[in-house]
Amino acid sequence: MHVLSIVGHSTTGKTTLTERLTERLSERGRVGTVKHIDGGSGFDTDGKDTQRHREAGAVQTYGISESEWFATGDTSELDLHDALDRLGERCDYGLVEGDADLALPTVVLGDRDVERGEVLARAPDADSVDLEDVIEALHDRDPHETLSSLVAELKRSPDEVYSGAIATFTGRVRAKEDPEDERTEFLEFEKYDEVAAQKMAEIRDELEARDGVYEVRLHHKTGVVEAGEDIVFVVVLAGHRTEAFRTVEDGINRLKEIVPLFKKEVTVGEEFWAHEE
Numbered sequence: 033m034h035v036l037s038i039v040g041h042s043t044t045g046k047t048t049l050t051e052r053l054t055e056r057l058s059e060r061g062r063v064g065t066v067k068h069i070d071g072g073s074g075f076d077t078d079g080k081d082t083q084r085h086r087e088a089g090a091v092q093t094y095g096i097s098e099s100e101w102f103a104t105g106d107t108s109e110l111d112l113h114d115a116l117d118r119l120g121e122r123c124d125y126g127l128v129e130g131d132a133d134l135a136l137p138t139v140v141l142g143d144r145d146v147e148r149g150e151v152l153a154r155a156p157d158a159d160s161v162d163l164e165d166v167i168e169a170l171h172d173r174d175p176h177e178t179l180s181s182l183v184a185e186l187k188r189s190p191d192e193v194y195s196g197a198i199a200t201f202t203g204r205v206r207a208k209e210d211p212e213d214e215r216t217e218f219l220e221f222e223k224y225d226e227v228a229a230q231k232m233a234e235i236r237d238e239l240e241a242r243d244g245v246y247e248v249r250l251h252h253k254t255g256v257v258e259a260g261e262d263i264v265f266v267v268v269l270a271g272h273r274t275e276a277f278r279t280v281e282d283g284i285n286r287l288k289e290i291v292p293l294f295k296k297e298v299t300v301g302e303e304f305w306a307h308e309e
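Numbers 33 to 309, taken from the numbering used here, label the letters of the sequence shown in order.
Below you can see the structure in the form of structure tokens.
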């Protein structure tokens, strides 16, 4: 799922831009939205604050208060990670209207500062944004994938009827190796985009050629990934658990061996690139 954040002051037309992008992106796939709403949890149980999003074509919407994220029309609480996880299971695009605490590709309206995320476009207001330029730039960035979105994708496979197993691997940012270590604050990953994509495709082709393996997905995040967050996923759709488990292990091993990824580790007291240590 491609995710875009839209930030700006209330007078710059954030909702208008979200509507226009929702309408345009709905021509290409399913769109879900998340909106920042002033007020406390428990309001908007009928989804009135996100009604314009749905009228523009959003298939699923969530609301946010100052202190917490929650599902619009639902009293259950969730955070932004959860909201994007849920959208990723059924949507091709996710639009986050308002401040986001994740590093997402972003459109900035007005003179707002953005601490996290890559700014794809700046404009004084919604009417000044070139929608096609923003959509093209968004497609050039890596999609926002989660374990649940990748599993949901494999469950939609035509070969799902032959599968008796889905095996997964999730790599996370470890805060410490042992109790005496300095705490790792975050890791930062860079990659050679074209070469990395080619190598990932090679691994996927190799694994999917195995008997009993139907589909494989591999995804590695780039940029800043904080301690406790997920880094990499390998998901395998297979006929039986034996080939599923073996393929997951081989998949992560091959990814670490041949995909050109560079890692910088930032601890409480220092920072260094892993290949320099």
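Backbone N, C-alpha and C define an ideal beta-carbon position, used for all residues, glycine too. Here the structure is a predicted model, which means the values were calculated and not measured.
Margin query: For proline 175 and proline 156, I'd like the C-alpha separation in whole angstroms.
Written below: Within the sequence shown, residue 175 is the residue found at index 143, counting from 1. Within the sequence shown, residue 156 is the residue found at index 124, counting from 1. Rounded to whole angstroms, proline 175 to proline 156 spans 27 Å at the Cα level.
Check: Tell me which same chain residues have a C-beta within less than 7 Å of the C-beta of glutamate 185, skipping the five on either side of it?
Finding: If you number the sequence shown from 1, residue 185 lands on position 153. Contacts found: Arg249.
Check: Can at least three beta-carbon pairs, one atom from the segment 197–210 and one from the segment 248–266, be found at a separation below 8 Å?
Finding: Per the Cβ contact rule, the segment 197–210 is in contact with the segment 248–266 (3 or more Cβ pairs under 8 Å).
Checklist line | Where the alpha helix (DSSP H) through alanine 52 begins and ends | finding: Looking up residue 52 in the sequence shown gives position 20. The question names alanine, but residue 52 in the sequence shown is arginine. Counting along the chain, arginine 52 sits inside the alpha helix (DSSP H) bounded by residues 46–57.
Checklist line | Touching by the beta-carbon criterion (3+ pairs, under 8 Å), the segment 143–162 and the segment 232–242 | finding: Taking a cut-off of 8 Å on C-beta distances, the segment 143–162 does not touch the segment 232–242, as fewer than three cross pairs fall below it.
Item checked: Candidates Val140, Val151, Glu121, Thr254, of which the one nearest aspartate 42 by Cα -> The sequence position of residue 42 within the sequence shown is 10, counting from 1. Aspartate is not the amino acid found at residue 42; the sequence shown has serine there. Of the listed residues, the one whose Cα sits closest to serine 42 is Val140.
Notebook entry, point to check: Taking 8 Å as the CB-CB cut-off, is aspartate 191 touching chain C?
Noted result: Here chain C cannot be found, since the structure has a single protein chain.
Checklist line | Nearest to glutamate 113 (by Cα), restricted to the options Ser181, Gly255, Ala276 | finding: Translated into positions along the sequence shown, residue 113 becomes position 81. Reading off the sequence shown, one finds histidine at residue 113, where the question assumed glutamate. Nearest to histidine 113 by alpha-carbon distance, out of Ser181, Gly255, Ala276, is Ser181.
Note to self: Quick test of the definition: if touching needs 3 or more C-beta pairs under 8 Å, does the segment 116–124 touch the segment 220–227?
What the structure shows: No, the segment 116–124 is not in contact with the segment 220–227.
Checklist line | Beta-carbon proximity check, threonine 44 vs threonine 65, cutoff 8 Å | finding: Taking the sequence shown and counting its residues from 1, one reaches residue 44 at position 12. Taking the sequence shown and counting its residues from 1, one reaches residue 65 at position 33. No. Outside cutoff.
Margin query: Using only the alpha-carbon positions, how far apart do glycine 74 and glutamate 177 sit?
Written below: In the sequence shown, counting from the first residue as 1, residue 74 sits at position 42. In the sequence shown, counting from the first residue as 1, residue 177 sits at position 145. Residue placement at glycine 74 is poorly supported in this model, since its pLDDT is 45, which falls under 50; the coordinates still yield a value, given next. Roughly 29 Å between the two C-alpha positions.
Notebook entry, point to check: How would you write the range of the beta strand (DSSP E) that lysine 208 sits in, first residue to last?
Noted result: Residue 208 sits at position 176 when you count from the first residue of the sequence shown. The continuous stretches of beta strand (DSSP E) do not include lysine 208, and DSSP gives it neither H nor E.
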